[in-house]
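Everything on this sheet refers to the single structure shown next.
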């Protein structure tokens with residue numbers, strides 16, 4: 035029996051997300067560790083590992099695994115793509131932190147890649163992670179048809195490139211110091227910088243396990259909503275968190291006159307919109323029944339998180 | 035009737051390579067142009083186009099097309115992969131030119147990408163090209179089975195990453211200013227920086243058109259040989275060319291104490307080894323008959339080229 039939306043929402047609140055995340059994160063850690071043995075030239079493999087294992091929450095991989103589970107897929111179908119998503123995400127963090135971009139010295143309380151390995155190796159580590167993501171999906175995925183894998187590869191390429199992460203970062207950089215950013219522009223930045231890869235994570239999990247076109251559209255709307263909510267919450271945390279909780283410089287956005295949701299909408303309206311997006315996201319997947327509880331709980335977690 | 039090696043070698047010398055290259059290059063130019071319309075955010079698409087259309091000889095795409103032709107493949111099978119190879123090659127040029135890497139202001143007589151667009155956009159243009167390469171292969175290839183496309187994607191990912199271009203560049207940077215580079219290290223640099231993507235170009239053409247495993251091994255040996263010869267000739271040209279012919283700063287390698295073949299082996303021995311590699315390469319593909327003439331003529335062209 036499929037539970038009603040309200041019942042499910044309560045179930046999602048009671049769902050043991052911490053335990054669920056822990057199991058999935060361990061699967062991802064182990065697979066990423068196996069995927070990156072250190073061989074000659076050691077420095078580049080060490081540099082890729084340095085940022086891959088810098089304490090990320092593995093949100094994108096977990097979303098991919100959860101979406102695959104929704105259609106009774108297995109870990110051997112989804113874990114390589116989950117790892118590839120983390121490689122692409124890590125690449126974008128390494129490159130965004132570079133002096134020519136956001137010029138960050140710390141991330142998650144650790145020196146950024148270029149501060150530790152130098153700029154040249156950091157650039158190359160990002161390139162290596164991006165290139166390997168695609169090879170890894172092809173070489174490691176089991177029990178998925180070649181047609182489905184090609185769809186996943188195309189989605190990931192799109193989400194990583196100028197139609198996704200790269201395009202969002204370009205507009206973000208262009209807007210630095212500009213005072214009259216419109217909400218449309220801010221939305222463009224975040225649908226590209228954040229939501230695109232989250233969407234690719236969720237939808238690729240669905241593709242791997244054979245979700246229908248309408249299932250994939252639901253997953254796409256779910257992930258676009260959590261992606262935007264995620265960014266609004268990020269902006270709010272930048273204002274309200276302590277440095278210890280966040281592990282990075284606080285108030286940096288305000289210092290560089292960066293466009294943020296609180297600046298454009300105010301704190302209260304930003305909170306309200308984030309909450310509304312989370313409700314929309316949960317409503318999209320409620321129809322999948324109990325198997326959607328992880329995705330619903332993850333949506334709740336995005337507004338509740340402290341870092 | 036299959037011609038003998040010697041007859042074929044003469045035929046290769048008489049083959050109208052200039053006309054052949056011109057036809058293939060035009061196909062590649064047109065496809066690359068269609069692949070990169072300028073849309074919002076314009077700057078990143080313009081930056082990718084700036085380096086993509088900076089006068090490259092399209093050697094990697096042409097090799098892919100020629101290898102595909104060898105097994106009676108068609109352009110619609112090979113052109114998307116040919117374009118993807120040029121995107122990956124262009125990415126590596128843009129990133130290698132960055133101040134943190136080789137710090138070059140000019141390439142092919144034009145300002146390098148970061149001198150024209152700034153470092154941030156140059157880094158992102160490279161990322162965008164790399165990511166799009168994989169999406170483009172999936173979305174644009176026709177009449178090739180999904181299994182073959184996955185093999186091509188895996189090869190290209192490997193050639194672009196730490197096991198290829200990235201690994202070669204890391205060792206190259208580590209060796210800068212080091213006086214006692216061994217021939218093994220120099221070979222590692224160039225089999226990774228140059229030969230790996232040339233090999234992926236030729237072998238992927240063979241995969242797309244359905245070459246057998248032993249055919250692909252021949253193509254792999256052919257391309258490794260021309261790849262190393264290409265680099266030896268590059269090193270020789272750096273010493274002997276005028277700046278006008280080469281379109282970049284001359285004698286730069288010597289200035290920064292870079293390991294080169296002429297430095298390690300001497301001019302005459304370097305020339306002899308390049309010629310020997312070209313003969314080996316031609317012998318590998320001679321068995322394919324007349325359809326191998328373009329590949330043989332391209333091998334000859336590598337030692338004969340002036341820039």
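Protein chains in written order, with our numbering: chain D, 35 to 341; chain P, 35 to 341. Quick reminder that beta carbons are idealized off the backbone N, C-alpha and C, glycines included.
Figure out for me which residue from the options has the closest Cα to the Cα of residue i.
| i | options | result |
| --- | --- | --- |
| residue 319 of chain P | P/266, P/178, P/105 and P/217 | P/105 |
| residue 112 of chain D | D/187, D/164 and D/141 | D/187 |
| residue 296 of chain D | D/44, D/217 and D/70 | D/217 |
| residue 303 of chain P | P/266, P/272 and P/324 | P/266 |
| residue 254 of chain D | D/244, D/233, D/271 and D/263 | D/233 |
| residue 230 of chain D | D/123, D/62, D/129 and D/167 | D/123 |
| residue 244 of chain D | D/180, D/141 and D/49 | D/180 |
| residue 238 of chain P | P/221, P/78, P/325 and P/183 | P/183 |
| residue 235 of chain P | P/185, P/130, P/65 and P/294 | P/185 |
| residue 306 of chain P | P/72, P/168 and P/263 | P/263 |
| residue 110 of chain P | P/50, P/174 and P/219 | P/174 |
| residue 346 of chain P | D/66, D/270 and D/199 | This structure does not reach residue 346 of chain P, given that chain P is present from 35 up to 341, and the question cannot be answered. |
| residue 127 of chain D | D/308, D/275, D/228 and D/340 | D/228 |
| residue 177 of chain P | P/163, P/141, P/115 and P/147 | P/115 |
| residue 340 of chain P | P/275, P/64, P/329 and P/333 | P/275 |
| residue 269 of chain D | D/68, D/300, D/247 and D/159 | D/300 |
| residue 294 of chain P | P/311, P/273 and P/309 | P/273 |
| residue 224 of chain P | P/202, P/61 and P/209 | P/202 |
| residue 207 of chain D | P/327, P/155 and P/326 | P/155 |
| residue 65 of chain P | P/96, P/147, P/129 and P/323 | P/96 |
Helix, strand or coil, according to DSSP, for residue i in the structure here?
| i | result |
| --- | --- |
| residue 144 of chain P | strand |
| residue 252 of chain P | helix |
| residue 94 of chain D | helix |
| residue 82 of chain P | helix |
| residue 246 of chain D | coil |
| residue 44 of chain P | helix |
| residue 50 of chain P | coil |
| residue 134 of chain D | coil |
| residue 234 of chain P | helix |
| residue 72 of chain P | coil |
| residue 264 of chain D | helix |
| residue 322 of chain D | coil |
| residue 240 of chain P | helix |
| residue 304 of chain P | helix |
| residue 36 of chain D | Because residue 36 of chain D carries a pLDDT of 45, less than 50, the predicted location of this residue cannot be relied on, and the following value inherits that uncertainty. Three-state DSSP puts residue 36 of chain D in coil, outside helix and strand. |
| residue 88 of chain P | coil |
| residue 292 of chain P | coil |
| residue 272 of chain P | helix |
| residue 139 of chain D | coil |
| residue 102 of chain D | helix |
| residue 309 of chain P | helix |
| residue 259 of chain D | helix |
For the alpha helix (DSSP H) containing residue i, name the first residue and the last one.
| i | result |
| --- | --- |
| residue 13 of chain D | Outside the displayed range of chain D (35 to 341) lies residue 13 of chain D, so it cannot be described from this structure. |
| residue 112 of chain P | 109–131 |
| residue 330 of chain P | 327–338 |
Should residue i be listed as close to the ligand MG, given that the test is whether its C-beta is under 7 Å from any heavy atom?
| i | result |
| --- | --- |
| residue 332 of chain D | Absent from the structure shown: the ligand MG. Ligands present: none. |
(request) At 4 residues or longer, and completely inside the stretch 144–223 of chain D: list those alpha helix (DSSP H) runs for me, N to C. (result) 147–151, 153–174, 180–194 and 199–209
(request) Taking 8 Å as the threshold, find out whether the stretch 74–86 of chain P comes into contact with the stretch 139–151 of chain P through three or more Cβ pairs. (result) Short answer: they touch.
(request) Spell out a yes or no on whether the stretch 115–124 of chain D and the stretch 173–193 of chain D are touching, meaning 3 or more CB-CB pairs, one atom from each, closer than 8 Å. (result) yes
(request) Count the C-beta pairs between the stretch 89–101 of chain D and the stretch 207–227 of chain D that are closer than 8 Å, then say yes if the count reaches three, no if not. (result) no
(message) Does the structure place the stretch 258–275 of chain P close enough to the stretch 313–333 of chain P that three or more beta carbon pairs sit under 8 Å?
(response) Three or more pairs of CB atoms, one per stretch, sit closer than 8 Å, so the stretch 313–333 of chain P contacts the stretch 258–275 of chain P.
(message) For the stretch 125–144 of chain D against the stretch 69–80 of chain D, do three or more pairs of beta-carbon atoms, one drawn from each stretch, fall closer than 8 Å, so that the two count as touching?
(response) no
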